[in-house]
Amino acid sequence: MSRTVKCVKLGCEAEGLDFAPLPGELGKKIYENVSKEAWAAWVRHQTMLINENRLNLADPHARQYLTQQLEAYFFGDGADKIAGYVAPKE
Numbered sequence: 000m001s002r003t004v005k006c007v008k009l010g011c012e013a014e015g016l017d018f019a020p021l022p023g024e025l026g027k028k029i030y031e032n033v034s035k036e037a038w039a040a041w042v043r044h045q046t047m048l049i050n051e052n053r054l055n056l057a058d059p060h061a062r063q064y065l066t067q068q069l070e071a072y073f074f075g076d077g078a079d080k081i082a083g084y085v086a087p088k089e
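If you count the sequence shown from 1, position 27 lands on 26 in numbering that gives the first Met the number 0, and the numbers rise without skipping.
Now the structure itself:
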């Protein structure tokens with residue numbers, strides 16, 4: 000049986016992550032409050048941030064920026080928008 004969480008991003012009960020995606024307190028907070036579906040959406044958004052901003056993940060400033068964006072995405076006012084990105088119509 001899968002674990003469910005009250006997802007802060009989706010605003011409903013959903014299947015939780017199998018493990019904390021990051022070490023430390025932030026990883027624990029994500030594990031307890033973020034669903035698999037919302038985490039997958041973050042990974043897609045993070046990939047766009049990396050590509051569009053040409054981030055080098057070996058650079059500590061780039062990793063710090065992504066951590067700030069992660070916190071804003073789930074627990075703040077939302078992450079930076081991708082310049083020129085138009086979401087597909089459903």
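Every residue, glycine too, gets a C-beta built ideally from N, C-alpha and C.
As the structure is a computational prediction, the values presented were derived from the model and not from experiment.
- Taken through DSSP and simplified to helix, strand or coil, E24 comes out as helix.
- L54 and G83 have their C-alpha atoms some 17 Å from each other.
- In the three-state reduction of the DSSP assignment, E70 falls in the helix class.
- If you draw a 10 Å sphere on the C-beta of L21, you find fewer than 16 other C-beta atoms in it, and that means exposed.
- Within the model, the alpha-carbon separation for D79 versus H44 is close to 9 Å.
- Distance between E31 and A37, taken at the CA atoms: about 13 Å.
- Sequence-distant Cβ neighbours of K27 in its own chain, meaning closer than 8 Å and more than five residues away, are A19.
- Its chain contains L54 and N55 as the residues whose beta carbon lies nearer than 6 Å to that of A61, once the 5 sequence neighbours on both sides are disregarded; these appear in chain order.
- A71 places its beta carbon less than 8 Å from that of G77.
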